[in-house]
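Under UniProt numbering, think of the first position of the sequence shown as 1, with each following residue one higher.
From the three backbone atoms N, C-alpha and C, an ideal C-beta is built for every residue, glycine too.
Single-structure report; data block below.
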Amino acid sequence: MAVTGKGPYDQQNIFAKILRGEIPCKPVFENEWVLAFEDIAPKAPVHVLIIPKKPYVSFMDFSKTAPAEEIAEVMRSAGQIAHTLGLEENGYRLITNAGTNSGQEVPHFHLHLMGGGPLPAFPQ
């Protein structure tokens, strides 16, 4: 079910529970800023979710309220993960959904890192 991408932050969303250790995940990367883990319903051979450790509802919230250092570190981490997973040579896709029309399902800002093979083209 799509969410609006606007506040308030729901502390009971699945990513908040993963960050608290209440729900397990298959981590691929972690630092002080982010946790990255395998998507449980992958849409590509490699499909990793990258979530900031702080509570942001969507990219709308993150881009408006996160400090510049945190924004930079989340993006830098995404690049580092793509490199570590060997996705740079053949390319990858980095996507975030924000709000109802995008199909955002979890009210916690996250990036989808997808690659490992040809990805379908976006509709024109």
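Taking the continuous alpha helix (DSSP H) assigned at residue i, which residues delimit it?
| i | result |
| --- | --- |
| G86 | No alpha helix (DSSP H) contains G86, which DSSP labels as neither H nor E. |
| F59 | 59–65 |
| A36 | Segment 34–38 is the beta strand (DSSP E) holding A36; no alpha helix (DSSP H) there. |
| L19 | 14–19 |
Tell me, which residues are paired with residue i by DSSP?
| i | result |
| --- | --- |
| V74 | Paired residues: none, contrary to the question. |
When burial is assigned at 16 or more other CB atoms within 10 Å of the CB, is residue i buried or exposed?
| i | result |
| --- | --- |
| H83 | exposed |
| F122 | exposed |
| S77 | buried |
Between residue i and residue j, which are expected to be in contact by the criterion C-beta below 8 Å, what is the C-beta distance as a whole number of angstroms?
| i | j | result |
| --- | --- | --- |
| K53 | L35 | 6 Å |
| Q104 | V3 | 5 Å |
| P45 | G116 | 3 Å |
| T96 | L119 | Not really, about 16 Å apart at Cβ, beyond 8 Å. |
| F29 | H108 | Their Cβ separation, rounded to whole angstroms, is 17 Å, which puts F29 and H108 out of contact at 8 Å. |
Could you name the residues of the same chain whose beta carbon sits closer than 6 Å to that of residue i, not counting the 5 residues immediately before and after it, in chain order?
| i | result |
| --- | --- |
| H47 | D39, M114 |
| N13 | V106, P107, H108 |
In the DSSP assignment, the beta strand (DSSP E) including residue i goes from what residue to what residue?
| i | result |
| --- | --- |
| P27 | 27–30 |
Output needed for residue i: all residues of its chain with C-beta closer than 8 Å, excluding positions within five of it in sequence on either side, in chain order.
| i | result |
| --- | --- |
| E70 | W33, P52, K54 |
| K6 | V57, S58, M60, D61, G99 |
Excluding the five sequence neighbours on either side, which residues of its own chain have a C-beta within less than 7 Å of the C-beta of residue i, listed in chain order?
| i | result |
| --- | --- |
| K43 | M114 |
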